[in-house]
Amino acid sequence: MCDFTEDQTAEFKEAFQLFDRIGDGKILCNQYGDVMRALGQNPTNTEVLKVLGNPKSNEMNVKVLEFEHLLPILQTVAKNKDQGTYEDYVEGLQVFDKEGNGTVMGVEFWLVLVTLGEKITEEEVEVLVAGNEGSNGCINYEAFVRHIL
């Protein structure tokens, strides 16, 4: 049983329906992470796959799930207390601050985001970094973390 209020459930259903392109009350497995993120959760792709039962990659674009499956998955993700804090992200980015001035080179930052940790596309990095790179080609990582959180 899920511990969500009627208002929360209605909000979740509304977000779910935005991803239901056909209007049949179903979405593809590969959309579940996006729905959860639209609802303020921040699951990794690994967490999404785990709560979906680790479907094969070819199933992600074919297998559909109904709204009723979303609530227990949201419950599971919401209970995950291992979310990074502002301080965690800043500390992680300080490793790349070679001069100790609170900035990282934009190119290096881009490379880190594309190659390390959670998979992210070049286009997603461009959206994230847009407007955060200074005239010197560096990114103030504390301002960046505030921007994304």
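Taken in order, the sequence shown gives residues 960 to 1108; the numbers are from the numbering used here. Note that the Cβ used here is the ideal one computed from N, Cα and C, for glycine as well.
Nonlocal neighbours in the same chain, by C-beta distance under 6 Å from residue i, ignoring five residues either side
i: Met1019; result: Cys988, Asn989
i: Val1088; result: none
Burial state of residue i (16 or more Cβ within 10 Å)
i: Ala974; result: buried
i: Pro1002; result: buried
i: Val1054; result: exposed
i: Leu1075; result: exposed
i: Glu1006; result: buried
i: Ile1098; result: buried
Sequence-distant residues of the same chain with beta carbon closer than 8 Å to residue i, five excluded per side
i: Val1066; result: Gly1096
i: Leu998; result: Glu970, Phe971, Ala974, Leu1033
Residue range of the unbroken alpha helix (DSSP H) whose run includes residue i
i: Ile1107; result: 1100-1107
i: Thr1109; result: The first residue shown for the chain is 960 and the last is 1108, placing residue 1109 beyond what the model contains.
Those residues which DSSP pairs with residue i across a bridge
i: Ile986; result: Leu1024
i: Glu973; result: Answer by DSSP bridge pairing: none, since Glu973 is not bridged.
i: Val1169; result: In this structure the chain extends from 960 to 1108, so residue 1169 is not present and cannot be described.
i: Glu1092; result: Ile1098
Cut-off 7 Å between Cβ atoms - residues of its own chain near residue i, not counting five sequence neighbours on either side
i: Phe978; result: Ile986, Gln990, Asp993, Val994
- Task: Count the C-beta pairs between the segment 1020-1029 and the segment 1051-1070 that are closer than 8 Å, then say yes if the count reaches three, no if not.
- Result: No contact exists between the segment 1020-1029 and the segment 1051-1070.
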